[in-house]
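Residues in the sequence shown are numbered from 768 upward in steps of one, following this note's numbering.
From the three backbone atoms N, C-alpha and C, an ideal C-beta is built for every residue, glycine too.
Keep in mind that this is a model prediction, so the values were computed, not measured.
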Amino acid sequence: MIKDFILPDIGEGIVECELVEWLIKEGDRIEEDQPVADVMTDKALVQIPAPHAGLVTKLYYKQGDTAKVHSPLFAVDLDEEGDSVASVPVSPAMDPAAVAAVQSQTAAAATQASTAAATIDFILPDIGEGIIECEVVEWMVAVGDRLEEDQPVVDVMTDKALVQIPAPRAGVVTKLYFAQGEVAKVHGPLFALLPDDAAVATAPVTSVSTPSVTPAAPAAPAAAVAASINSAADSVKGKALASPAVRRIAREFDIDIRQVPGSGKNGRIFKEDILRFQQSAEQAAGSVDATTATLATVAPATAASAEIRVEKIRGIKAAMARQMTLSSSTIPHFTYGDEVDVTALLALRTQLKIKAEQQGIRLTLMPFIMKAMALAIQKFPILNSQVNADCTEIHYQPHCNIGMAVDSKLGLMVPNIKKVETLSILQIAQEVTRLAEAARAGRVSPADLQGGTISISNIGALGGTYASPVVNPPEVAIVALGKTQTLPRFNASGDVVARSLMNISWSGDHRIIDGGTIARFSLLWQSYLEDPSLMLLDLS
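In structure tokens, the structure reads:
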């Protein structure tokens, strides 16, 4: 069976390495733990050993190439280890019951080996730029379930969004590699599947000849039957599948690793299997070694009534922590505030709201605010720019992709509406509704979260009046909208009138935006909101 060797984690935070030298070539036969390649990370030179014995069929990289962690490094045709089931020798002393037990176990092992050979691993693909791991949120299937092609299998959480993984083909789930809450690696196996189109035939089992037993012969005792069955199973199983580290643990406990039942794929033995085997052996002997006791599972102590609850920072919260730390540590912020009279805008929305609802569109102030911003940016493109890492270049973006901060159940998300300058008010309203609903459900696509050029935070929706927003890198500006309030103001005649006012708070990257620029830009944007008819003059 040909199997790809997946380059494992070779250091914290390392996602790639340079292939310095191959110590083998295609066609070579390799032994388990034999050095295969030298690779260079940004920290050290690492030698990669062979996990299995077999024949090298393919090297995926040339010397000097860059290899990716969790991607295939080379392919090997594994030496057959129990793939074919040989005849099981039967002792003349075994009674018919023991013979039947041996034959039944041998047939089961053959069927299991045939099924395992047809089982395929679903490799977690790239689910977003720069994402190397994700948290398993919820399995929608269980081991033994039958799947249809494209059926949802699992929800996983990246640091950007909740992503639903579909089944690549129809079949039966044979293994889930991660429990809910565990972290899965991109390019690593997520679950195992026995495809419907896999031809899994029962492996042929050489018939076991039953010797004649004289009536006077006594039946074999139960211990003898068990020993015969174990001996037969050992001859079928052959060499154990285990990593060098697991083999070392077995040697430390003086355990014959071939006797340990493996819980992994194709009977692979893990550290937990060794510990369970050792614990069972000691309990059977009536003694428990102190060293083993420390490795065994210990029941957690009773928690105190006022215990501190610890929760790992993952997913969207982790992304926000990194992004806001980057923003605060690299961008010198300054804030500009003002109030906008949206009385006329609210009246216009009231007029158009019924027309929009007839088309199934919910019309809020946000589409008008975004359209006015896109128009003002045409005259102040610096607000729609980005700077390079060392702030030596300004990159003016060709389109206005306006992000809107959404308080979702997963944390703060900022999806953005693409090319707002080309959209109508109704088209923007449709996109606002779509992205808000997707964000609150935690199912925003990665494409909707990428490519933003400027952002809006509507704290007024939660009742806030003022805020000092933090710029969302690599953008250079963000505005916070306060709640709309009816307040008294003087008109041109000196009379007190009721006006609908909304406070705004801008934060800008002071490396490239000065106070005068953002004030002039904001005043133009405000003029469109206070007199919406002015937008007609600048619409293309």
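task = Indicate the three-state DSSP secondary structure (helix, strand or coil) for Pro-818 in the structure shown.
result = Here residue 818 refers to the residue found at position 51 of the sequence shown. In the structure shown, Pro-818 sits in coil (DSSP, three-state: anything other than H, G, I, E or B).
query = Three or more beta-carbon pairs under 8 angstroms between the region 1182 to 1199 and the region 1155 to 1164, yes or no?
reply = no
ask   = Between Glu-915, Arg-1266, Phe-772, Asn-1258, which lies nearest to Ala-842 when the distance is taken from Cα to Cα?
value = As a first step, residue 842 must be located in the sequence shown, where it is residue number 75. Cα-wise, what sits closest to Ala-842 is Phe-772.
ask   = In chain order, what residues of the same chain have a beta carbon less than 8 angstroms from the beta carbon of Pro-962, not counting five sequence neighbours either side?
value = Looking up residue 962 in the sequence shown gives position 195. These residues qualify, in order along the chain: Ala-885, Ile-887, Arg-936, Ala-937, Gly-938.
request  = Let me know if Glu-1204 comes out buried or exposed under the rule of 16 or more other beta-carbons within 10 Å of its beta-carbon.
outcome  = As a working mapping, residue 1204 is identified with position 437 in the sequence shown. Per the 10 Å Cβ criterion, exposed.
key: Asp-1305 - containing alpha helix (DSSP H), residue span   = The count along the sequence shown starts at 1 and reaches residue 1305 at position 538. First-last of the alpha helix (DSSP H) with Asp-1305: 1302 to 1305.
Reference Leu-819, options Arg-1266, Arg-1014, Val-836, closest by Cα = Position 52 of the sequence shown, counting from 1, holds the residue named residue 819. A small correction: the amino acid at residue 819 is His; Leu does not occupy that position in the sequence shown. For the residues Arg-1266, Arg-1014, Val-836, the minimum Cα distance to His-819 belongs to Arg-1014.
key: Coarse secondary structure for Ile-777, derived from DSSP in three states   = Here the question's residue 777 lines up with position 10 in the sequence shown. Of the three classes helix, strand and coil, the one that applies to Ile-777 here is coil, per DSSP.
key: Beta-bridge pairing of Lys-835 - partner residues as DSSP gives them   = As a working note, residue 835 is residue 68 in the sequence shown. Per DSSP, Glu-783.
ask   = For Trp-1292, which residues of its own chain have a beta-carbon under 7 angstroms away from its beta-carbon, when the five flanking residues on both sides are left out?
value = In the sequence shown, residue 1292 corresponds to position 525, counting from 1. For Trp-1292, where only same-chain residues beyond five positions count, the Cβ hits under 7 angstroms are Ala-1139, Met-1140, Ala-1143.
ask   = Given a threshold of 16 other Cβ atoms within 10 Å of its Cβ, counted over all protein chains shown, does Glu-798 qualify as buried or as exposed?
value = Reading the sequence shown from its first residue, position 31 is the one you call residue 798. Counting Cβ neighbours within 10 Å, Glu-798 comes out exposed, since fewer than 16 surround it.
ask   = Alpha carbon to alpha carbon, how far is Gly-1282 from Leu-1190?
value = Residue mapping note: residue 1282 aligns to position 515 of the sequence shown, counting from 1. Residue mapping note: residue 1190 aligns to position 423 of the sequence shown, counting from 1. Taking the straight line joining both Cα atoms gives about 30 angstroms.
request  = Using 10 angstroms around the beta-carbon of Met-1137, count the other beta-carbons present and answer buried if the total reaches 16, otherwise exposed.
outcome  = Walking along the sequence shown from the start, residue 1137 turns up at place 370. The residue in question, Met-1137, is buried, as its Cβ has 16 or more Cβ neighbours within 10 Å.
ask   = Does the separation of the CB atoms of Gln-918 and Ala-934 fall below 8 angstroms?
value = Stepping through the sequence shown from its first residue, residue 918 is reached at position 151. Stepping through the sequence shown from its first residue, residue 934 is reached at position 167. Closer than 8 angstroms, so yes.
key: Alpha carbon of Asp-844 to alpha carbon of Lys-825, nearest angstrom   = Walking along the sequence shown from the start, residue 844 turns up at place 77. Walking along the sequence shown from the start, residue 825 turns up at place 58. Those two C-alpha atoms are separated by around 9 angstroms.
inquiry  = Using 8 angstroms as the threshold, is the C-beta distance between Asn-1239 and Gly-1104 below it?
reply    = As a position in the sequence shown, residue 1239 is number 472, starting the count at 1. As a position in the sequence shown, residue 1104 is number 337, starting the count at 1. Not in contact: Asn-1239 and Gly-1104 (Cβ atoms no closer than 8 angstroms).
key: Separation of Ala-1111 from Leu-1254, as counted between CA atoms   = Taking the sequence shown and counting its residues from 1, the one referred to as residue 1254 is at position 487. Taking the sequence shown and counting its residues from 1, the one referred to as residue 1111 is at position 344. Rounded to the nearest angstrom, the two C-alpha atoms are 15 angstroms apart.
ask   = Helix, strand or coil: how does DSSP classify Ser-1212 here?
value = Against the sequence shown, residue 1212 aligns to sequence position 445. DSSP places Ser-1212 in coil when its eight states are reduced to three.
message = Suppose the cutoff is 8 angstroms on Cβ atoms and the five residues either side in sequence are ignored; what does the same chain contact list for Leu-1301 look like?
response = Here residue 1301 refers to the residue found at position 534 of the sequence shown. These residues qualify, in order along the chain: Ser-1294, Tyr-1295.
request  = Measure the C-alpha to C-alpha separation of Ile-1223 and Ile-899 and round it to an integer number of angstroms.
outcome  = Translated into positions along the sequence shown, residue 1223 becomes position 456. Translated into positions along the sequence shown, residue 899 becomes position 132. Going from the Cα of Ile-1223 to the Cα of Ile-899 covers about 29 angstroms.
request  = Going by CA-CA distance only, name the one from Ile-894, Leu-1113, Asn-1225, Ser-1289 that's closest to Lys-1250.
outcome  = For the purposes of this step, residue 1250 is taken as the residue at position 483 of the sequence shown. Selected option, being the one with the closest Cα: Asn-1225.
ask   = Quick one: Cα of Ile-1121 to Cα of Arg-1207, how far?
value = Within the sequence shown, numbered from 1, the residue matching residue 1121 stands at position 354. Within the sequence shown, numbered from 1, the residue matching residue 1207 stands at position 440. Straight-line Cα distance between these residues: approximately 26 angstroms.
key: Residues near Gln-1118 by beta carbon distance below 7 angstroms, same chain, minus five either side   = Sequence index remark: in the sequence shown, residue 1118 carries index 351 (1-based). Excluding residues within five positions, none has a Cβ falling inside 7 angstroms.
inquiry  = Could you tell me the alpha carbon to alpha carbon distance between Lys-835 and Tyr-828, rounded to whole angstroms?
reply    = Here the question's residue 835 lines up with position 68 in the sequence shown. Here the question's residue 828 lines up with position 61 in the sequence shown. Answer to the nearest angstrom: the Cα atoms are 10 angstroms apart.
message = Which same chain residues end up closer than 6 angstroms to Asp-1040 when comparing Cβ atoms and leaving out the 5 residues on each side of it in sequence?
response = Indexing the sequence shown from 1 puts residue 1040 at position 273. Correct list, in chain order: Val-1027, Gly-1029, Ser-1030.
Gly-1219 - DSSP class collapsed to helix/strand/coil = Taking the sequence shown and counting its residues from 1, one reaches residue 1219 at position 452. It is coil, neither helix nor strand.
task = Give the single residue among Asp-964, Thr-925, Leu-914 whose Cα lies nearest to the Cα of Arg-1081.
result = Taking the sequence shown and counting its residues from 1, one reaches residue 1081 at position 314. Checked all of Asp-964, Thr-925, Leu-914; the closest Cα to Arg-1081 is Thr-925.
task = Answer yes or no: do Val-787 and Met-807 have a C-beta to C-beta separation smaller than 8 angstroms?
result = Taking the sequence shown and counting its residues from 1, one reaches residue 787 at position 20. Taking the sequence shown and counting its residues from 1, one reaches residue 807 at position 40. Contact: yes.
Inside the region 1115 to 1159 only - beta strand (DSSP E) runs reaching at least 3 residues = 1152 to 1154
query = What residue from Leu-1229, Asp-846, Leu-1303, Arg-1256 has the CA that sits closest to Ser-1175's CA?
reply = Here residue 1175 refers to the residue found at position 408 of the sequence shown. It is Leu-1229 whose Cα lies nearest to the Cα of Ser-1175.
inquiry  = Bridge partners for His-1162 per DSSP, in chain order?
reply    = For this step, residue 1162 is matched to residue 395 along the sequence shown. Paired residue(s): Gln-1153.
task = Pull up the DSSP beta-bridge partners for Gln-958, would you.
result = For the purposes of this step, residue 958 is taken as the residue at position 191 of the sequence shown. In the sequence under discussion, the amino acid at residue 958 is Phe, which differs from the Gln named in the question. Beta-bridge pairing links Phe-958 to Phe-889, Leu-943.
message = For Ile-1083 and Leu-1179, which I take to be in contact (beta-carbon distance under 8 angstroms), what is that distance rounded to the nearest angstrom?
response = By one-based count along the sequence shown, residue 1083 stands at place 316. By one-based count along the sequence shown, residue 1179 stands at place 412. Correct: roughly 7 angstroms between the Cβ atoms.
ask   = When the Cα atoms are used, what is the spatial distance from Leu-812 to His-1100?
value = Translated into the one-based positions of the sequence shown, residue 812 becomes position 45. Translated into the one-based positions of the sequence shown, residue 1100 becomes position 333. One C-alpha to the other measures close to 42 angstroms.
Which of helix, strand or coil DSSP assigns to Phe-1020 = Residue 1020 sits at position 253 when you count from the first residue of the sequence shown. Note: Phe-1020 maps to coil in three-state DSSP.
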